[in-house]
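Numbering (our numbering), first residue to last: 2 to 315. Built from N, CA and C at the ideal position, the CB exists for glycine as well.
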């Protein structure tokens with residue numbers, strides 16, 4: 002079952018089973034991971050929308066600089082347009098984060114007998130499978146998030162439900178999973194790199210941390226930003242192709258409806274550089290996003306005495 006330690010004298014009964022403790026811990030993880038994800042996404046939503054616009058449209062709609070792009074968004078829909086699509090992102094991030102972290106712990110136990118003292122390739126495999134599991138479960142929300150980021154003012158008046166219904170009417174269930182294959186190809190290495198690199202860096206940085214102290218925000222920023230940056234640079238071309246495929250149910254040119262055809266078109270138009278369009282905005286978003294997300298996650302875990310997949314620091 003497991004309960005949050007609020008500082009009162011009530012303790013978890015000694016006769017609770019390991020299964021009950023893990024079950025309660027999953028709920029605790031949903032709380033800490035969901036809050037961390039929601040805060041980080043909300044604070045960096047304008048940069049996330051800028052990244053999506055760059056990936057899909059390049060510079061044709063939003064200008065050649067970030068300042069011009071933000072000015073274009075403000076003129077098109079006002080200050081609220083900077084957070085367009087963020088509601089969907091916040092709704093999806095809580096279960097996505099909880100599923101990813103919970104299954105990261107699950108796969109380490111299932112495949113390797115426990116969460117501690119694993120080699121980096123074992124962490125990579127567990128992280129890849131955890132990322133694939135979470136993405137499969139919430140993928141229609143990814144499609145809706147992309148559509149909501151790209152919509153114009155007044156489009157999808159029903160919000161998230163209206164957006165999902167519109168996508169379904171256009172292409173059925175397949176439309177809700179458009180770009181899933183390329184997304185899975187990207188999330189397998191990205192989640193593996195991110196989780197393995199974060200846990201490895203975190204373990205090294207916190208090796209001398211006293212058990213009663215919470216990790217510093219600076220240390221969390223360093224380990225989280227390093228892990229995410231490596232994953233993003235390595236996997237960004239796949240993320241760009243996924244976003245392009247999510248943006249439409251069908252392209253007018255048939256060759257753009259396949260990953261190979263879309264990749265060939267991007268390469269012919271812009272070369273290798275085209276596969277990294279929008280990565281600058283994404284990397285700029287990574288630092289504050291990772292700082293807020295990992296710092297919030299770790300501090301909540303420390304405050305409430307919650308164990309999590311990366312080991313205890315409290």
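Check	Outcome
Own chain partners of residue 238 with C-beta closer than 6 Å, once the 5 adjacent residues on each side are dropped	276
C-beta atoms of residue 260 and residue 183 nearer than 7 Å	yes
Length of the line joining the Cα atoms of residue 299 and residue 216	8 Å
DSSP state of residue 158 mapped onto helix, strand, coil	coil
7 Å Cβ shell around residue 91 - same chain, five flanking residues per side excluded	39, 42 and 43
Continuous alpha helix (DSSP H) stretch holding residue 147: start and end	121 to 151
Enclosing alpha helix (DSSP H) for residue 191 [first to last residue]	181 to 206
Inter-residue Cα distance where the pair is residue 71 and residue 79	10 Å
At least 3 beta-carbon pairs within less than 8 Å: the segment 221 to 233 vs the segment 146 to 154	no
Collapsed DSSP secondary structure at residue 41 in the structure displayed	helix
Three-state secondary structure assigned by DSSP to residue 114	coil
Simplified DSSP assignment, three categories, for residue 316	In the structure as shown, the chain starts at 2 and stops at 315, and residue 316 therefore has no counterpart that could be examined.
Pair within 7 Å by beta-carbon distance, residue 248 and residue 57	yes
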